[in-house]
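Chains as they are written, first to last, in this note's numbering: chain A, -4 to 108; chain B, -10 to 102. The beta-carbon is built from N, C-alpha and C at its ideal position, and this holds for glycine as well.
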Amino acid sequence: DAGVIQSPRHEVTEMGQEVTLRCKPISGHNSLFWYRQTMMRGLELLIYFNNNVPIDDSGMPEDRFSAKMPNASFSTLKIQPSEPRDSAVYFCASSRDSNEKLFFGSGTQLSVL
Amino acid sequence: QKEVEQDPGPLSVPEGAIVSLNCTYSNSAFQYFMWYRQYSRKGPELLMYTYSSGNKEDGRFTAQVDKSSKYISLFIRDSQPSDSATYLCAMRPLSGSARQLTFGSGTQLTVLP
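The following block contains the structure:
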């Protein structure tokens, strides 16, 4: 299995631009998580999907952030408009069940100038 | 005050040393404890997990939990350069799910050859 696949690995954009991060979870996993990691705040859960349905989006910082999971093999996290304080590493993780261990992707390093 | 506190390091040790990594927590509901290892430019991967107080051993790694003191540790024996990574503790209530995981900020470890 290829594991959780995220793209792009790096994204550099200017303030105000739209950013879309992509994730392909492990086949057969029904839970998907988006995390953000910064030096100051560590690893924070942004949103959690179960069976493609958003269950908990309480970690999404602002309305500028949105996430979708149109099918079991694909999810996106969108930031519009982006701001410099959004600069961070964004991780997608999946698990077979909501109680099972998480498998993380390699992350997207986002820099907003 | 954060629910989970972890010394960020960095910690640098010679090859073969015994390494001790620690976390303290304030939420007595946390009953399920995990250690994740994160290599540079990679996502975290689960290293060990435990539910109970006491020690759990897996090869060169030992996870220790002291619920009365709200203190957990990860010991690495005979440390190797390949152990160089950031180690994150994570915890949640026993009846909770992965979305309730609270992560420490991570300790950066370097094992010098």
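Margin query: Taking the straight line between their C-alpha atoms, what separation do you get for B:Asn44 and A:Ser2?
Written below: 39 Å
Next item on the list: Ignore the nearest five residues each way along the sequence and tell me which others in B:Asn16's own chain have a CB closer than 6 Å to its CB.
Entry: Glu(-8)
Next item on the list: Please look up how many angstroms separate the CB atoms of B:Asp72 and B:Leu101, rounded, as I've assumed it's under 8 Å.
Entry: Their Cβ separation, rounded to whole angstroms, is 11 Å, which puts B:Asp72 and B:Leu101 out of contact at 8 Å.
Note to self: So B:Phe92 contacts chain A; which residues on that side make the cut at Cβ distance below 7 Å?
What the structure shows: Gly37 and Leu38
Next item on the list: Can you tell me which of the three DSSP states A:Arg31 falls into?
Entry: strand
Next item on the list: Report all residues from its chain with a CB closer than 7 Å to the CB of B:Ser42; omit the five preceding and five following residues, and keep chain order.
Entry: Val54, Asp55 and Lys56
Item checked: Members of the stretch 6 to 36 of chain B that neighbour chain A once the beta carbon cut-off is set at 9 Å -> Met23, Tyr25, Gln27, Arg30, Lys31, Gly32, Pro33, Glu34 and Leu35
Item checked: Under 8 Å by beta carbon: chain B residues contacting A:Asp52 -> The premise fails here: A:Asp52 is roughly 11 Å from chain B at the closest Cβ pair, so nothing lies under 8 Å.
Next item on the list: Flag B:Arg88 as yes if its beta-carbon sits less than 8 Å from any beta-carbon of chain A, otherwise no.
Entry: yes
Checklist line | Partner residues on chain A for B:Gly95, Cβ-Cβ distance less than 7 Å | finding: Gly37
Checklist line | Closer than 7 Å at the beta carbon, the chain B residues around A:Asn94 | finding: Ser86 and Ala87
Check: Any Cβ of chain A within less than 8 Å of the Cβ of B:Leu98?
Finding: no
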